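Q: I'd like to ask you about the structure that follows.
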Amino acid sequence: MAVEIKKFFFIVLRLLALAATVVAIVVMVRSHDSAQVLNLTFTAKYNNTPAFKYFVIAEAIASVYTIIVIFLSSKSLLGGLIVILDMVITVLLSSSISAALAIAQVGKKGNSHAGWLPICGQVPKFCDQVTIALIAGFVAPVIYFVLLLCSLHAVLSPILAAKL
Amino acid sequence: MALQNGEKCEVGSSSSGLIRVVLLLRVVAFFATAAATIVMALNKQTKTFVVATIGSNPISATLTAKFQHTPAFVFFVVANGMASIHNLLMIIADVFAPNFDYKGLRLAIIAILDMMTVALISGGVNAAVFMAELGKNGNSHARWNKICDKFGSFCDRGGGAIIASFVGLLFMLLITALSIIKLLKPKSHHNCSSLVP
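Pasting the structure below:
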């Protein structure tokens, strides 16, 4: 009975993480805005920055991994391998969100020392959509870290119980 | 199978080999992250540019590139500093108190702290990498000019710090994997010579 509750809890957490990554991907890919400045059209898409491209690719890898693990875990419990893969995906997600946040911070506040002007004043819709994607992308590694601790506990508890 | 206080136990050779390998990896990771922190923290370059010419008098402006100007690099320095402190504490704990245990949770706490440090380093180094890429290539869509052609040695030193931090991240990943493996292996108490009659 406890095993059933634990498996259910795991699947719920993984579905939450899947939702967070999918939301991040969809909102980031569909973010788009253009502004007209002195007869020049100034378009902002996520493609323009390698950081956002990396963000989308990393979230895509994480969501594919989550789908695979959801279908696998209902069959068997691969324990140690899932712990290591969870850690790799957590590291990947945390790196992608910090890269995207670094570039987004420059876009919002600019960098006066380097002569970089903020762009959020000209393309406000793009900035709002990217903000939503980044919030979802921030929730994803947090949930993944919790999942990592839970899988570690699930693998360890039989061994710890045998020792004590 | 709890040990009694009077028994002396020989740790199995495979387990002590693993401990020595982890200690060696921690020393290398400590040096890598400490080097990254120090190189980036001392990263500064000042250059004087001729901005305009009035008649025959050139007007020059002095511009400085410091790591504090960019929040991503500040986060990089802080993250690598915390990672080197973590490695130092773990080395000290392994060398001076190898058998200190708290309800059998010592290895679990070490593994969890290692995982948190790996996530921290990876966040810091990736933010710095993308900021450095922006400084090197600029971004034509946002009208951001590259700065590496003017501040060459600032960019070189920053790149060196980032490479050192990646090496530290690689070693920290190995250490975390080994810590998890140590955690999952059942503790072998054979080779115990029972001195208590």
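Protein chains in written order, with full-length UniProt numbering: chain A, 1 to 164; chain B, 1 to 197.
We treat Cβ as the ideally placed atom computed from N, Cα and C, and that holds for glycine.
Treat the numbers as computed from the prediction; the structure is a model and nothing was measured.
Return the chain-ordered list of same chain residues with a C-beta closer than 8 Å to the C-beta of L174/B, the five sequence neighbours on each side being excluded.
A: Taking the second sequence and counting its residues from 1, one reaches residue 174/B at position 174. The residues are L25.
Q: Name the chain A residues whose beta carbon is nearer than 9 Å to that of residue 203/B?
A: No answer is possible for residue 203/B: it lies beyond the span of chain B, which begins at 1 and ends at 197.
Q: So that I know if they touch, is there some Cβ in chain A lying closer than 8 Å to that of G123/B?
A: For this step, residue 123/B is matched to residue 123 along the second sequence. With 8 Å as the cut-off, G123/B counts as an interface residue toward chain A.
Q: Should the stretch 25-44 of chain B be regarded as contacting the stretch 60-75 of chain A, the criterion being three or more beta carbon pairs within less than 8 Å?
A: Counting C-beta pairs with one atom in each stretch, the stretch 25-44 of chain B and the stretch 60-75 of chain A have fewer than three that are closer than 8 Å, which means they do not touch.
Q: Assign N126/B to one of three DSSP states: helix, strand, or coil.
A: Position 126 of the second sequence, counted from the start, is the residue given in the question as residue 126/B. Assigned with DSSP and collapsed to three states, N126/B falls in helix.
Q: Using a threshold of 8 Å, state whether the C-beta atoms of G137/A and A24/A are closer than that.
A: The residue you call residue 137/A lines up with position 137 of the first sequence. The residue you call residue 24/A lines up with position 24 of the first sequence. Against a cut-off of 8 Å, the Cβ pair of A24/A and G137/A comes out as a contact.
Q: Closer than 8 Å by C-beta to S122/B: which residues in its own chain qualify, once you throw out the five before and the five after it? Chain order, please.
A: As a first step, residue 122/B is located in the second sequence; it is residue number 122 there, counting from the start. These residues qualify, in order along the chain: L169.
Q: Can you give me the C-alpha to C-alpha distance between I59/B and H113/A, rounded to a whole angstrom?
A: One-based indexing of the second sequence puts residue 59/B at position 59. One-based indexing of the first sequence puts residue 113/A at position 113. So the two alpha carbons sit approximately 19 Å from each other.
Q: Under a three-way DSSP split, which group does I97/A fall into?
A: Position 97 of the first sequence, counted from the first residue, corresponds to residue 97/A. Note: I97/A maps to helix in three-state DSSP.
Q: May I have a chain-ordered list of the beta strand (DSSP E) segments no shorter than 3 residues that lie completely inside the UniProt domain "Casparian strip membrane protein" (18-170) of chain B?
A: DSSP runs (the beta strand (DSSP E)) wholly in the UniProt domain "Casparian strip membrane protein" (18-170) of chain B: 44-54, 57-66.
Q: Less than 8 Å between the beta carbons of S105/B and I159/A, yes or no?
A: Here the question's residue 105/B lines up with position 105 in the second sequence. Here the question's residue 159/A lines up with position 159 in the first sequence. According to the sequence provided, residue 105/B is Leu. The question's Ser does not apply to it. Result no, Cβ atoms of L105/B and I159/A do not sit closer than 8 Å.
Q: Residue ranges of each alpha helix (DSSP H) run of no fewer than 4 residues wholly in the UniProt domain "Casparian strip membrane protein" (10-141) of chain A, ordered along the chain?
A: 50-73, 80-109
Q: For chain A, check one thing: does any of its Cβ atoms lie closer than 8 Å to the Cβ of T33/B?
A: Taking the second sequence and counting its residues from 1, the one referred to as residue 33/B is at position 33. By this cut-off, T33/B is not an interface position.
Q: Of all the CB atoms in chain A, is at least one closer than 8 Å to the CB of R106/B?
A: Residue numbering aside, residue 106/B sits at position 106 when the second sequence is read from its first letter. By this cut-off, R106/B is not an interface position.
Q: Of all the CB atoms in chain B, is at least one closer than 8 Å to the CB of V83/A?
A: Here residue 83/A is taken as the residue at index 83 of the first sequence, counted from 1. It does; some Cβ of chain B falls within 8 Å.
Q: When the Cα atoms are used, what is the spatial distance from L18/A to G79/A?
A: Reading the first sequence from its first residue, position 18 is the one you call residue 18/A. Reading the first sequence from its first residue, position 79 is the one you call residue 79/A. Taking the straight line from one Cα to the other gives about 20 Å.
Q: Quick check on K6/A: does DSSP put it in helix, strand or coil?
A: Taking the first sequence and counting its residues from 1, one reaches residue 6/A at position 6. In the structure shown, K6/A sits in a helix (DSSP, three-state: H, G or I).
Q: Buried or exposed for R14/A, going by 16 or more other Cβ atoms inside 10 Å?
A: By one-based count along the first sequence, residue 14/A stands at place 14. Looking at its Cβ environment, which holds 16 or more other Cβ atoms inside 10 Å, R14/A is buried.
Q: Could you check the C-alpha separation between T41/A and M28/A for me, to the nearest Å?
A: Taking the first sequence and counting its residues from 1, the one referred to as residue 41/A is at position 41. Taking the first sequence and counting its residues from 1, the one referred to as residue 28/A is at position 28. If I take the Cα positions, the gap works out to 21 Å.
Q: List, in order along the chain, the chain B residues whose C-beta lies closer than 7 Å to that of S94/A?
A: As a working mapping, residue 94/A is identified with position 94 in the first sequence. Within chain B, the residues near S94/A are A119, S122, G123.
Q: Using the C-alpha atoms, what's the distance from D86/A back to F166/B?
A: Residue mapping note: residue 166/B aligns to position 166 of the second sequence, counting from 1. Residue mapping note: residue 86/A aligns to position 86 of the first sequence, counting from 1. Straight-line Cα distance between these residues: approximately 20 Å.
Q: Reducing DSSP to helix, strand and coil, say where K185/B ends up.
A: One-based indexing of the second sequence puts residue 185/B at position 185. Three-state DSSP puts K185/B in coil, outside helix and strand.
Q: How many Å lie between D115/A and G138/B at the Cα?
A: Reading the first sequence from its first residue, position 115 is the one you call residue 115/A. Reading the second sequence from its first residue, position 138 is the one you call residue 138/B. Checking the sequence shown, residue 115/A turns out to be Gly, not Asp. Between G115/A and G138/B, the C-alpha separation is close to 11 Å.
Q: Using 8 Å as the cut-off, can you tell me whether the stretch 87-105 of chain B makes contact with the stretch 37-53 of chain B, which would need three or more C-beta pairs spanning the two stretches below that distance?
A: no
Q: At a Cβ cut of 9 Å, what residues of the stretch 25-55 of chain A count as close to chain B, listed as they run along the chain?
A: F42, T43, A44, K45, N47, N48, T49, P50, A51, Y54
Q: Where does I82/A land, buried or exposed, given buried means 16+ other C-beta within 10 angstroms?
A: Position 82 of the first sequence holds residue 82/A. By the neighbour-count rule (16 or more Cβ atoms within 10 Å), I82/A is buried.
Q: Thinking C-beta only, is A72/B closer than 8 Å to A108/B?
A: In the second sequence, residue 108/B corresponds to position 108, counting from 1. In the second sequence, residue 72/B corresponds to position 72, counting from 1. Not in contact: A108/B and A72/B (Cβ atoms no closer than 8 Å).
Q: Using a Cβ-Cβ cut-off of 8 Å (strictly less than) and excluding sequence neighbours within five positions of F8/A, which residues of its own chain qualify?
A: As a position in the first sequence, residue 8/A is number 8, starting the count at 1. None.
Q: For L147/A, name the three-state secondary structure that DSSP assigns.
A: Indexing the first sequence from 1 puts residue 147/A at position 147. It is helical.
Q: Report the neighbours of A36/B on chain A: residues whose CB is nearer than 8 Å to its CB, in chain order.
A: Within the second sequence, residue 36/B is the residue found at index 36, counting from 1. Within 8 Å Cβ-Cβ: nothing; A36/B doesn't reach chain A, min ~15 Å.
Q: Can you pull out the residues from the stretch 137-159 of chain A whose beta carbon lies closer than 8 Å to at least one beta carbon of chain B?
A: P141, F145, L148, L149, L152, V155, L156, I159
Q: Can you tell which of N111/A, L149/A, N48/A has its C-alpha closest to the C-alpha of I110/B?
A: Position 110 of the second sequence holds residue 110/B. Of the listed residues, the one whose Cα sits closest to I110/B is L149/A.
Q: At the level of alpha carbons, what is the spacing between L18/B and C148/B?
A: Locating residue 18/B in the second sequence gives position 18, where the first residue counts as 1. Locating residue 148/B in the second sequence gives position 148, where the first residue counts as 1. About 44 Å.
Q: Relative to the C-alpha of V125/B, which residue among A102/A, V69/A, E4/A is closest?
A: Your numbering for residue 125/B matches position 125 in the second sequence. Nearest of A102/A, V69/A, E4/A to V125/B, Cα basis: A102/A.
Q: Do I89/A and L134/A come within 8 Å of each other at the CB atom, strictly closer than that value?
A: Translated into positions along the first sequence, residue 134/A becomes position 134. Translated into positions along the first sequence, residue 89/A becomes position 89. Taking 8 Å as the Cβ cut-off, L134/A and I89/A do not qualify as a contacting pair.
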